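For reference, the structure is listed below as structure tokens.
In full-length UniProt numbering, the protein residues as written are 1 to 328.
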């Protein structure tokens, strides 16, 4: 039964019947495995017999064409501002908490202050099948640049499992590697796991309906010193006393962490004294060496550092400053 307030336009001795016409254009649609959307319009105006104060959605589970179990209802009481004065308003309600792969019968009634009106014709709808729950997932990092991924089936599978899907990769990269496995497989070893990087692993199980929700795990691999050297060291421009050097970061797999700085080592190739080491902080990939001698050949190389220390120097390259009369 709906609202119970009075109606100012009616005299106290008026007898007003309940709506004799049912809500119109009732439609039902499965939203997912546990929810259905019900939509409708109000009864035709000449069969409303008063102000429509709200609606009730009645539903019951069906088995072999017969109602099964306790009928249920949901009530929508219209606010005063929503009271209907025409028959064009569309209403809808999401009914949740249903069972997967189950057929339900839905009817809708309108009510006035006098009670419930006629019910709409029953509409049948079946919820979709449910996808599996989250698998259980364990990630173990080894010292050999690999990660062992092990999993167990979800607690709720909603039917036989048909396989698994694993997505994984570095968190600082846009793309993830995707792999699929049979329902009998329960582990995988990922190779080329980089030191000093964070990885994300996303695993979902599949049944005949589709893939379920992903179980997500992350690991962070400890940093090490870089195992590779900066790439493509070369001179961009030079004067008689300076040269601008540029290079690229070490290869991603050889950085082994966040590059915090670089050091440049250079020397005059004609002099046997100790080479000069210059830090590059912050970790820019360009630097201008100044205070050099004119018309002189220098040998230069560069290395990268993480928080754990420096990596190997790059192969040395040579450049020559300009003579004094050309370097101004």
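Backbone N, C-alpha and C define an ideal beta-carbon position, used for all residues, glycine too. Predicted model only: the values in this text are computed from it and were never measured.
Exercise. Please classify residue 71: does DSSP put it in a helix, a strand, or coil?
Key: Reduced to three states, the DSSP call for residue 71 is strand.
Quiz item: Would residue 271 be called buried (16 or more neighbouring beta carbons within 10 Å of its own) or exposed?
Solution: Classification of residue 271: exposed, given that the 10 Å Cβ count is below 16.
Exercise. Give every residue of the same chain whose Cβ lies closer than 6 Å to the Cβ of residue 233, excluding the five residues on either side of it in the sequence, and list them in chain order.
Key: So the qualifying residues of the chain are 247, 302, 314, 317.
Self-check item: Nearest candidate by alpha-carbon position, reference residue 127, set 249, 304, 29, 295
Solution: 29
Exercise. Could you pull out every unbroken beta strand (DSSP E) segment of at least 3 residues lying fully inside the UniProt domain "Fibronectin type-III" (131-224), listed in chain order?
Key: Secondary structure in the UniProt domain "Fibronectin type-III" (131-224): the beta strand (DSSP E) runs of 3 residues or longer, each lying completely within the stretch, are 136-141, 147-152, 163-170, 177-181, 187-190, 198-206, 215-220 in chain order.
Exercise. Would you check if the stretch 39-55 and the stretch 107-122 touch, i.e. whether three or more CB-CB distances between them fall below 8 Å?
Key: yes
Quiz prompt | Reduced DSSP category for residue 308 - H, G, I as helix; E, B as strand; rest coil | solution = Coil, per DSSP.
Quiz item: How is residue 79 classed by DSSP in three states: helix, strand or coil?
Solution: Three-state DSSP puts residue 79 in coil, outside helix and strand.
Practice problem: For residue 232, name the three-state secondary structure that DSSP assigns. | Solution: strand
Quiz item: In terms of residue numbering, what span does the beta strand (DSSP E) encompassing residue 272 cover?
Solution: Looking at the DSSP string, residue 272 is not in any beta strand (DSSP E), and its letter there is neither H nor E.
Quiz prompt | Environment of residue 281 [buried if 16+ CB atoms lie within 10 Å] | solution = exposed
Quiz prompt | Nearest residue (CA-CA) to residue 180, options 204, 160, 174 | solution = When 204, 160, 174 are compared, the shortest CA-CA separation from residue 180 is found for 204.
Exercise. Taking 8 Å as the threshold, find out whether the stretch 181-188 comes into contact with the stretch 155-169 through three or more Cβ pairs.
Key: yes
Self-check item: Integer-rounded CB distance, given that residue 37 should sit under 8 Å from residue 94
Solution: 6 Å
Quiz item: Using CA coordinates, which residue listed in 264, 211, 297, 258 is at the minimum distance from residue 245?
Solution: 264
Quiz item: Looking at C-alpha atoms only, which residue of 222, 45, 235 is the closest neighbour of residue 21?
Solution: 45
Quiz item: Nearest CA to the CA of residue 193: which residue from 176, 141, 239, 152?
Solution: 141
Exercise. Just grab the DSSP bridge partners of residue 116 for me.
Key: According to DSSP, which records beta bridges pairwise, residue 116 is partnered with 111.
Practice problem: Rounded to whole angstroms, what's the CA-CA distance from residue 319 to residue 219? Just pull it up for me. | Solution: 44 Å
Self-check item: Neighbourhood of residue 90 by C-beta, 7 Å cutoff - its chain only, sequence neighbours within 5 removed
Solution: 39, 41
Quiz item: Alpha carbon to alpha carbon, what distance is there between residue 152 and residue 62?
Solution: CA-to-CA, the gap between residue 62 and residue 152 works out to about 35 Å.
Quiz item: Just curious, the alpha helix (DSSP H) that residue 254 is in, first and last residue?
Solution: 252-255
Quiz item: Of the choices 103, 101, 119, whose alpha-carbon is the least far from that of residue 109?
Solution: Considering only alpha carbons, the answer is 119.
Quiz item: What is the rounded straight-line gap between the Cα of residue 148 and the Cα of residue 199?
Solution: 13 Å
Quiz item: Considering only residues of the same chain and omitting the five flanking positions on each side of residue 225, which have a CB-CB separation below 7 Å?
Solution: 256, 306, 308, 309, 310, 311
Quiz item: Cα separation between residue 100 and residue 249?
Solution: 53 Å
Quiz prompt | Burial state of residue 121, where buried means 16 or more other Cβ atoms lie within 10 Å | solution = exposed
Self-check item: residue 287 versus residue 251: straight-line alpha-carbon distance, rounded
Solution: 20 Å
Practice problem: Measure the CB-CB distance between residue 105 and residue 60 and report whether it falls below 7 Å. | Solution: It is a contact, given that the beta carbons lie within the stated cut-off.
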